[in-house]
Each structure stands twice: as C-alpha cells, then as structure tokens.
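K.L.:
The structure that follows is given in the form of structure tokens.
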Amino acid sequence: MIDAVNAVAAERGVPPSHIALAWLFAKKEVAAPIVGVSRSAQIDEAIASVGLTLSAEEMRRLEEHYAPRCPTDIYDAPPFSGGVTVKNH
53 MIDAVNAVAA ERGVPPSHIA LAWLFAKKEV AAPIVGVSRS AQIDEAIASV GLTLSAEEMR
113 RLEEHYAPRC PTDIYDAPPF SGGVTVKNH
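Spelled out as structure tokens, the structure:
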C-alpha cells in the first residue's frame, strides 16, 4: 500500500501524508483519524489534506493490496459500550 500512496502522491504533487489522510477521511468507518505530530508544520500538512478528495480509481489503487483487520481478536467490547475490555490470553 505504501508504494501506491507514494505513486498517487507523486501524481498529485502532494506529500504522501496528504494521500494517507485523504484515504482515511474517505472511510466511513473512521470518525476522526488520530494524527501524531512532532513539528508544528506537520499540523499544517494534516489540515491541508482535509480538502483532498480521492477519485474512485485512486481509492481502488490504494486498496488493491490492503487487507483490513478487525481488532476483535484483541479487544472484546459490546456495541456502543464506550469501553474496551482486553481479553485474557
């Protein structure tokens, strides 16, 4: 997936972080991405990605080698519980 992110970013002339965040914003399952920064410029980069919309073809390319994983093998929480219980292993 990293190669696809880099390719789309190069075609768009934007940093790969913009493409990665735009992909997250396009996912209905993601309410709000958690963005970690170590420099104030990274906040500006994250904000700049908000208006970026990926085409269906770009989304297809990004997801071509992506396999989503469900965290239920680690966490067990009832729907809408607001809490997470770690399973004993």
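In short: position in the sequence shown from 1, add 52, done, that's our numbering. All residues carry an ideal CB built from backbone N, CA and C; glycine is no exception.
Where residue 89 and residue 96 are concerned, what is the direct C-alpha to C-alpha distance, given to the nearest angstrom?
P.N.:
What you label residue 89 is simply residue 37 of the sequence shown in a count that begins at 1. What you label residue 96 is simply residue 44 of the sequence shown in a count that begins at 1. Cα-Cα distance, rounded: 10 Å.
K.L.:
Using the C-alpha atoms, what's the distance from residue 74 back to residue 55?
P.N.:
Residue numbering aside, residue 55 sits at position 3 when the sequence shown is read from its first letter. Residue numbering aside, residue 74 sits at position 22 when the sequence shown is read from its first letter. Distance between the alpha carbons of residue 55 and residue 74 is about 16 Å.
K.L.:
For a test of the three-state rule: what should DSSP assign to residue 51, helix, strand or coil?
P.N.:
No answer is possible for residue 51: it lies beyond the span of the chain, which begins at 53 and ends at 141.
K.L.:
Using 10 angstroms around the beta-carbon of residue 92, count the other beta-carbons present and answer buried if the total reaches 16, otherwise exposed.
P.N.:
By 1-based counting over the sequence shown, the position of residue 92 is 40. Exposed.
K.L.:
Less than 8 Å between the CB atoms is what I'm expecting for residue 60 and residue 71, so what's the real figure, rounded?
P.N.:
The residue given as residue 60 occupies position 8 in the sequence shown. The residue given as residue 71 occupies position 19 in the sequence shown. With a Cβ gap of about 5 Å, residue 60 and residue 71 count as contacting.
K.L.:
May I ask which residues mark the beginning and end of the alpha helix (DSSP H) holding residue 112?
P.N.:
One-based indexing of the sequence shown puts residue 112 at position 60. Unbroken alpha helix (DSSP H) run through residue 112: 108-115.
K.L.:
Please confirm whether residue 106 and residue 84 have their CB atoms less than 8 Å apart.
P.N.:
Here residue 106 is taken as the residue at index 54 of the sequence shown, counted from 1. Here residue 84 is taken as the residue at index 32 of the sequence shown, counted from 1. Their beta carbons are not under 8 Å apart, which means residue 106 does not touch residue 84 by this criterion.
K.L.:
Taking just the CA atoms, how far does residue 109 sit from residue 67?
P.N.:
Sequence index remark: in the sequence shown, residue 67 carries index 15 (1-based). Sequence index remark: in the sequence shown, residue 109 carries index 57 (1-based). The straight-line gap from Cα to Cα measures roughly 19 Å.
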